[in-house]
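The listed protein sequences derive, respectively, from chains A and B. Count along the first sequence from 1, add 2, and you get the number used in my numbering. Count along the second sequence from 1, add 164, and you get the number used in my numbering. From the three backbone atoms N, C-alpha and C, an ideal C-beta is built for every residue, glycine too. Every value quoted in this text rests on a predicted model; they were computed, and no experiment measured them. So the structure is just underneath, and the comments pick up after that.
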Amino acid sequence: MADPLRALLALLCCLALLTVPAAAAPLDRARFAADLCGDGAAQVRGAEGLVQAGGDLPADDLAFAGGLLGALAERRLSCPADGALLLDRPDAPEGHDAFTGAVRPAAAARAPILGLRQRAAVETARGTVALLTGPDPAARAAGLAVVERRIATVPAAVLDRARDAETDAGLKATITGLAQAAALSSPDPARRRAAIAAVAVSPSGAAQARLAALKNDPAYAADPAFRTALDTGLATVSRAVAIGDGLAVVYNGLSFASILFMAAAGLAIIFGLMGVINLAQGEFIMLGAYATYGVQEAFRRLAPGLLDLYLLAAIPVAFGAVALVGIGVEALILRHLYRRPLMSLLATWAVSLFLVNLVRVTVGTQNLQFVMPAYVSGGVPLYADFVMTWNRLFAIAFAAATLVLTLLILRRTPLGLDIRAVTQNRDMAACLGLPTRRIDRLAFGLGSGLAGLAGVALCPIYSVNPGMGSGFIVDSFMVVVLGGVGSLIGTLVAALGVGGANVLIEPISGAVAAKVIVLVGIILFLQRRPEGLFAVRRRR
Amino acid sequence: MSGAVQTALAAPAGPARRAVRDPLVAGLVGLCLAAAAGLLVAPPAPYLVNALGQLAAFAILAVSLDLVWGYLGILSLGHGLFFAIGGYVCAMHLLAHGVAVTGVLPDFVQFMGWKSLPAYWVGLDHAPYALVLALALAGLVAFVFGLASFRSRVNGVYFSIISQALVYVAMLLMYRNDTGLGGNNGMTGFPLLFGWPMGSPGVVTGLAVAALLTLAAILAGTRLLVGTAIGRRMLACRDDETRLRTLGYSTTRLKLGIWCLSAMIAALAGILYVPQVGIINPRVLAPDLSIEIAVWVAIGGLGRLGGAVIGAILVNGLKFWLSAAMPEAWPFILSGLVLLVVLVLPNGLLDLVGWRPRPTWLRGAR
């Protein structure tokens with residue numbers, strides 16, 4: 003690993019040396035103006051000279067040239083014997099002197115005409131100026147589009163300068179790509195090899211395609227140095243892209259797994275403790291998301307300045323609200339059904355039907371609109387094509403925090419001790435004086451609250467509507483059963499496994515087939531090991 | 165079918181006597197036969213006939229689930245799968261029959277750009293083959309899934325969850341358009357039934373009568389079955405499987421046999437249902453529908469075959485009526501009904517009547 007790194011560093015140094023701007027030579031303004039006022043050949047000479055020197059010219063020279071070029075292209079240039087006049091509109095009686103800015107009559111002056119043959123050169127020069135000095139990304143992008151048409155005539159220094167000065171990330175990437183493409187197809191072999199090395203420094207899928215296309219270039223067969231450079235560069239880029247894609251798969255799998263885990267963690271506690279299949283868990287997630295929406299609206303009304311913080315403020319609200327709903331459901335319905343788990347399954351299905359339709363009637367069926375705070379929008383490109391998006395990182399961090407907190411509650415608090423005792427042996431726990439019914443209720447509240455938290459984590463990623471919960475129920479039950487009932491670690495491992503498998507299979511055979519394969523795999527696995535990966539030993 | 169009942173009435177001995185003691189089933193069978201005769205003699209408006217036929221198909225489906233849930237303690241949340249197998253094979257038969265008679269390819273085949281029906285449709289235009297195929301396919305799927313599950317003693321809520329995942333997987337698969345079975349649009353536009361134009365009053369009445377007669381036959385047959393020694397073994401297995409196994413009975417074989425029988429009955433319901441509604445699509449495989457079947461059984465009365473029929477007809481009758489009259493209110497009524505039954509009437513609506521020849525408090529349905 004050290005050698006490629008060292009080579010990279012060396013390359014970087016060389017590049018840095020190459021791109022150090024030469025001492026900015028000022029533009030010969032009078033000569034430039036004279037060229038534009040001259041005949042067609044002079045105009046082309048002036049425009050192309052500007053493009054060639056463009057990478058080194060100071061900004062005020064570029065602005066000066068831009069003004070003249072614009073006036074020429076729009077027929078607002080007037081050429082008296084001594085210098086040039088910029089008119090406000092074609093055929094205006096007077097204009098500003100290009101050098102001094104003074105107002106002068108244009109009556110006696112000649113107006114140069116831009117011929118069709120010269121227009122391309124002049125437009126390229128205008129585009130170069132716009133690209134280098136445009137006030138906003140849109141203007142620079144327009145300039146870039148013009149330059150792109152005659153990219154072969156534009157020197158690398160111009161594109162390098164534009165790239166280094168660019169602040170807009172998307173435009174910067176476009177300029178980089180264009181500069182690389184231009185250098186790669188340059189007639190100068192040394193420059194091409196340097197370009198290949200430069201492409202290899204910032205690998206991406208696009209760069210890989212660009213390099214791979216060069217294999218069909220005649221120089222690849224003819225020039226051994228070129229072939230070596232290309233093969234080395236391509237190998238570097240391919241490896242980097244593969245690593246980047248691998249990272250992206252891991253990242254996506256991790257974020258999918260954390261959502262699965264969030265949805266399944268509450269189920270695992272409830273199912274492990276009481277043997278109750280809570281088919282309303284998906285709807286509890288939905289309620290958590292709606293609670294988040296409520297918090298957002300409250301912030302919008304009461305404290306618009308703090309709106310960005312609503313997602314954090316929603317965490318305790320969603321947990322508390324959904325936990326209360328869960329405790330209510332337990333107290334009103336499930337309490338009577340502990341001896342009949344299959345009936346409690348139907349009862350929770352009825353609750354889920356009720357909740358979905360209640361939300362549908364009171365709030366509506368449309369997707370809720372969420373404000374995306376800065377900390378969950380956008381992302382940072384890390385390596386090759388791998389972009390770490392903040393909203394998925396939010397979900398992953400959220401799931402990790404939930405895991406740690408839940409483990410702490412289960413392992414380090416009196417409630418957790420009670421829950422574990424009842425999970426392992428309900429009758430013995432009751433004999434020892436534990437209030438099992440009260441523990442059931444609290445644990446059900448905890449499990450429901452976790453579903454509410456999952457709802458918060460989902461807001462920046464999924465579309466939130468009354469039916470959103472039904473998509474989770476089968477997956478999360480598979481995760482709970484696969485992990486082993488009553489084992490939070492098992493749930494975590496199962497979620498990671500299912501999430502990873504889904505993401506791994508998806509590019510090979512499509513999303514639906516991936517889901518089918520994973521579910522069939524779980525069904526088969528459970529035939530071999532019905533108690534799941536991590537079975538809690540218990541006596542009944 | 166009435167033959168079976170007559171036999172039961174004529175020879176009040178052994179299992180048949182117990183069947184006679186079930187006036188609910190006998191009454192329902194009689195009602196089905198009477199309704200079938202009534203439809204033939206003086207058919208009411210076609211939409212009513214059609215609704216009656218659909219209700220009968222749902223009732224058959226409910227009986228199939230009650231057989232495994234009420235009598236064996238196995239709650240399947242995937243019975244929609246077997247219903248859909250019957251329905252899809254039936255739809256394939258109707259389309260293949262249409263192609264054989266008219267030569268016009270169905271819409272979805274044309275959408276896919278195919279020139280003919282896929283190769284595995286061969287022979288499906290023959291009704292007996294299609295019927296055998298549907299039942300065999302449902303039985304086979306049930307056998308494989310049941311064998312794997314029962315051998316490794318997957319039961320209780322685990323079995324429910326896994327069967328739900330199974331029907332969910334099937335739904336995802338059928339939503340794909342390249343299966344050759346219509347994809348997400350499903351199959352519709354059936355032209356003919358045994359050469360008769362679909363939707364003509366005669367065909368509608370015929371289908372409804374067939375569904376009612378089948379329901380009567382299934383009801384009587386399953387009631388006879390649960391009256392035999394096998395039926396008593398089923399109840400024993402439901403109440404304490406370990407003890408039954410310790411006594412030397414193979415519970416795996418028992419459960420597997422009844423499970424496959426139940427799957428085939430569900431497929432029969434699908435076969436009867438699809439020509440009546442004129443469409444089949446993957447929504448039949450939605451997990452919600454499979455849960456709803458369990459709801460019919462629970463509402464009517466779990467563990468009594470007549471209760472399953474009453475539950476299916478009551479819930480679906482209400483649904484037909486209310487989803488037209490006040491569609492907003494229907495889900496609330498359904499969930500309220502479920503909660504009421506689950507909390508207050510543990511044996512379903514039959515508790516209201518106070519009719520209880522044999523207490524079937526479900527202490528065993530773990």
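{"Asked": "Cβ distance (whole Å) where Gly303 (chain B) is taken to contact Met428 (chain B) below 8 angstroms", "Found": "5 angstroms"}
{"Asked": "Any chain B beta carbon closer than 8 angstroms to Phe263 (chain A)", "Found": "no"}
{"Asked": "Alpha carbon of Gly217 (chain B) to alpha carbon of Ala259 (chain A), nearest angstrom", "Found": "46 angstroms"}
{"Asked": "At least 3 beta-carbon pairs within less than 8 angstroms: the segment 261-273 of chain A vs the segment 290-308 of chain A", "Found": "no"}
{"Asked": "From A:Ala316, A:Asp225, A:Gln283 and A:Thr102, residue whose alpha carbon lies closest to that of Val297 (chain A)", "Found": "A:Ala316"}
{"Asked": "Selection from A:Ile398, A:Leu528, A:Leu134 and A:Ala122 that minimises the alpha carbon distance to Thr155 (chain A)", "Found": "A:Ala122"}
{"Asked": "Nearest candidate by alpha-carbon position, reference Cys424 (chain B), set B:Val189, B:Met351, B:Leu229 and B:Gly191", "Found": "B:Leu229"}
{"Asked": "CB contact flag (Ile455 (chain B), Leu241 (chain B), <8 angstroms)", "Found": "yes"}
{"Asked": "Whether Glu285 (chain A) touches Val365 (chain A) by CB criterion (8 angstroms)", "Found": "no"}
{"Asked": "Contact set between Gln328 (chain B) and chain A, taken where Cβ atoms lie within less than 7 angstroms", "Found": "Val476"}
{"Asked": "Per-residue contacts from Met561 (chain A) into chain B (C-beta, under 8 angstroms)", "Found": "Residue 561 (chain A) falls outside the range modelled here, since chain A spans only 3 to 542, and no answer is possible."}
{"Asked": "Proximity below 8 angstroms, CB of Asn332 (chain A) to CB of Asp429 (chain A)", "Found": "According to the sequence provided, residue 332 (chain A) is Glu. The question's Asn does not apply to it. No; because the gap between Cβ atoms is not below 8 angstroms, this pair is not in contact."}
{"Asked": "Chain-ordered chain A contacts of Ile422 (chain B) [CB-CB under 9 angstroms]", "Found": "Going along chain A, no residue has its Cβ under 9 angstroms from Ile422 (chain B), so there is no contact; the nearest lies around 17 angstroms."}
{"Asked": "Whole-angstrom C-beta distance between Ala86 (chain A) and Leu70 (chain A), which should lie under 8 angstroms", "Found": "6 angstroms"}
{"Asked": "Interface flag, Ile335 (chain A) vs chain B, CB-CB below 8 angstroms", "Found": "yes"}
{"Asked": "Val189 (chain B) at chain A interface by Cβ criterion, 8 angstroms", "Found": "no"}
{"Asked": "Where Met362 (chain B) sits in the DSSP three-state scheme", "Found": "coil"}
{"Asked": "Residue interval of the alpha helix (DSSP H) (run including Gly346 (chain B))", "Found": "Taken as a continuous stretch (DSSP letters only), Gly346 (chain B) belongs to no alpha helix (DSSP H), as it is neither H nor E."}
{"Asked": "Nearest-angstrom Cα separation, counted from Met276 (chain A) out to Leu297 (chain B)", "Found": "43 angstroms"}
{"Asked": "Proximal residues to Arg439 (chain A) (C-beta, below 8 angstroms), its chain only, five neighbours per side dropped", "Found": "Arg337"}
{"Asked": "Residue range of the beta strand (DSSP E) that includes Val105 (chain A)", "Found": "Val105 to Pro107"}
{"Asked": "Of the residues B:Leu197, B:Gly237, B:Leu503 and B:Asp271, the one placed nearest Asp404 (chain B), counting alpha carbons only", "Found": "B:Gly237"}
{"Asked": "Short CB-CB distance (under 8 angstroms) between Pro532 (chain A) and chain B", "Found": "yes"}
{"Asked": "Residue range of the unbroken beta strand (DSSP E) whose run includes Val297 (chain A)", "Found": "That residue, Val297 (chain A), is in no beta strand (DSSP E); its alpha helix (DSSP H) goes Gln283 to Leu304."}
{"Asked": "Residues near Ser324 (chain B) in its chain [Cβ-Cβ closer than 6 angstroms; skip 5 each side]", "Found": "Leu239 and Leu241"}
{"Asked": "For Asp58 (chain A) and Ala25 (chain A), the rounded distance between their alpha carbons", "Found": "Confidence at Ala25 (chain A) is low in this model, with a pLDDT of 46, below 50, so the placement of that residue should be treated as unreliable; the coordinate-derived value is given next. Whole-angstrom Cα-Cα distance: 7 angstroms."}
{"Asked": "Proximity test, Cβ basis, 8 angstroms: Arg541 (chain A) and chain B", "Found": "Below a pLDDT of 50, predicted positions are generally treated as unreliable, and Arg541 (chain A), at 47, falls in that range; the measurement from the model is reported next regardless. It does not; no Cβ of chain B falls within 8 angstroms."}
{"Asked": "Given 8 angstroms, three or more beta-carbon pairs between the segment 247-256 of chain A and the segment 215-234 of chain A", "Found": "no"}
{"Asked": "Nearest neighbour of Leu258 (chain B), chosen from B:Pro282, B:Asp289, B:Val232 and B:Leu231 [CA to CA]", "Found": "B:Asp289"}
{"Asked": "Arg413 (chain A) burial status per 10 Å Cβ neighbour count (16 or more: buried)", "Found": "exposed"}
{"Asked": "Exposure of Pro23 (chain A), with buried meaning 16 or more beta-carbon neighbours within 10 Å", "Found": "Below a pLDDT of 50, predicted positions are generally treated as unreliable, and Pro23 (chain A), at 44, falls in that range; the measurement from the model is reported next regardless. So Pro23 (chain A) counts as exposed."}
{"Asked": "Stretch-stretch touch, CB-based, cutoff 8 angstroms, three pairs: the segment 257-271 of chain B with the segment 328-344 of chain B", "Found": "no"}
{"Asked": "Asp99 (chain A), DSSP secondary structure in three states", "Found": "strand"}
{"Asked": "Status (buried if at least 16 other CB within 10 Å, exposed otherwise) for Asp90 (chain A)", "Found": "exposed"}
{"Asked": "8 angstroms Cβ cutoff met for Ala184 (chain A) and Ala158 (chain A)", "Found": "yes"}
{"Asked": "Within 8 angstroms, strictly: CB atoms of Ala248 (chain B) and Leu379 (chain B)", "Found": "no"}
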